[in-house]
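Engineer: Every number in the working numbering is 291 more than the matching position in the sequence shown, counting from 1.
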Amino acid sequence: MNDSLVTGNGLGLYLRDRRTKLDPAALGFSPERRRTPGLRREEVAQRANISPTWYTWLEQGRGGAPSADVLDRIARALMLTDVEREHLFLLGLGRPPEVRYRKNDGVTPRLQRVLDALDPSPAVIRTAVWDVVAWNRAATVMLMDYGSLPPERRNILRFIFLDPRARAAQYDWESVARFVLGAFRVDAIRAGARAEVEPLIDELCRLSPEFRTMWGENDVRGSHGEAVKHIRHPVLGPLAFEFSAFAVDGRPDLAMVVYNPATPEDAERIRSLLA
292 MNDSLVTGNG LGLYLRDRRT KLDPAALGFS PERRRTPGLR REEVAQRANI
342 SPTWYTWLEQ GRGGAPSADV LDRIARALML TDVEREHLFL LGLGRPPEVR
392 YRKNDGVTPR LQRVLDALDP SPAVIRTAVW DVVAWNRAAT VMLMDYGSLP
442 PERRNILRFI FLDPRARAAQ YDWESVARFV LGAFRVDAIR AGARAEVEPL
492 IDELCRLSPE FRTMWGENDV RGSHGEAVKH IRHPVLGPLA FEFSAFAVDG
542 RPDLAMVVYN PATPEDAERI RSLLA
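1) Which residue's Cα is closest to the Cα of residue 531: 411, 522 and 495?
2) Do residue 367 and residue 347 have their C-beta atoms within less than 8 Å of each other?
3) Would you decide whether residue 449 is buried or exposed? Buried here means 16 or more other CB atoms lie within 10 Å of its CB.
4) What whole-angstrom Cβ distance do residue 307 and residue 350 have, given they're in contact under 8 Å?
5) In the structure shown, what three-state DSSP assignment does residue 405 receive?
6) Measure the alpha-carbon distance for residue 305 versus residue 329 and round it to whole angstroms.
7) Taking only the alpha-carbon atoms, compute the straight-line gap between residue 474 and residue 335 and give it to the nearest angstrom.
8) Determine the closest residue to residue 384 out of 376, 371 and 356, with distance taken between C-alpha atoms.
9) What first and last residue would you give for the beta strand (DSSP E) that runs through residue 542?
10) Just tell me which of 553, 496 and 545 has its CA closest to the CA of residue 529.
11) Which class does residue 511 belong to by DSSP, given the choice of helix, strand or coil?
12) Where residue 442 and residue 326 are concerned, what is the direct C-alpha to C-alpha distance, given to the nearest angstrom?
13) Would you list the residues sitting across from residue 524 in a DSSP beta bridge?
14) Pick from 543, 433 and 546: whose alpha carbon is nearest that of residue 558?
15) If we ignore side chains and look at the alpha-carbon of each, how far apart do residue 429 and residue 340 end up?
16) Grouping DSSP H, G and I as helix and E and B as strand, with all else coil, what is residue 416?
17) With a 10 Å radius around its C-beta and 16 neighbouring C-beta atoms as the bar for buried, classify residue 324 as buried or exposed.
18) Would you decide whether residue 509 is buried or exposed? Buried here means 16 or more other CB atoms lie within 10 Å of its CB.
19) From residue 487 to residue 446, what distance separates their C-alpha atoms?
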């Protein structure tokens, strides 16, 4: 049985399987005189800019564990999908790859349907730099009408530090702001998005003295987990939500945040307003 999950050289078998599925001609290599389909080992090594000997050792289960950088190069050379790249890291290093930021303009229809099904719980999907890229109707009514903002302004930090409505909605604005900023710092660095967030940080430092002070304190927080959020809604008044953040399957650069009404009474009040 050649199942990479039950053999001793799962990484090597997976690499060999992936390279046999690539078309040499489409990648600029001669298709002639090939005993087996796909790319040769030296061709994968060339595309990955690593030693052919080292790549051969990886397929043969020799030479020890590869570095994350080598696995990333091989993933690009083999044109792996995000899911395939994650599987490669699990086989090679025993852990998933670090989150990597990529600019995102939206989500799949399937993910949007998941959000919509969560009403009356407000739910959003945000990127590693805390841009909101999808939301449901309950989020529009309870949190923010993101659809009324241009895409480049749908950032949670901008809302917290620059929008008076954020202060009016929070019972303890400073604690919320510190939590958001600390979690944002971790997510942005983990995703390798330092260059992408520099303009946002510069803008907020200019426009918000409180942001400038808090950013200089270098606090960090975990962004995934569970907690209770209390808000003042302009129509419904005090509300409590149990909120949880989850990584999106196959897209570790995205997080779904769900605000579940803390009591049946709060849920019914939200349903009435949505109706």
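Idealized CB from N, CA, C, for every residue including glycine.
Structural biologist: Put simply:
1) 522
2) With contacts defined by Cβ atoms closer than 8 Å, residue 367 and residue 347 do not form a contacting pair.
3) By the 16-neighbour rule on beta-carbons within 10 angstroms, residue 449 is buried.
4) 5 Å
5) Note: residue 405 maps to helix in three-state DSSP.
6) If you take the alpha carbons of residue 305 and residue 329, they lie about 14 Å apart.
7) 38 Å
8) 356
9) 542-552
10) 553
11) coil
12) 52 Å
13) 528
14) 433
15) 49 Å
16) strand
17) Its Cβ having fewer than 16 others within 10 Å, residue 324 is exposed.
18) exposed
19) 13 Å
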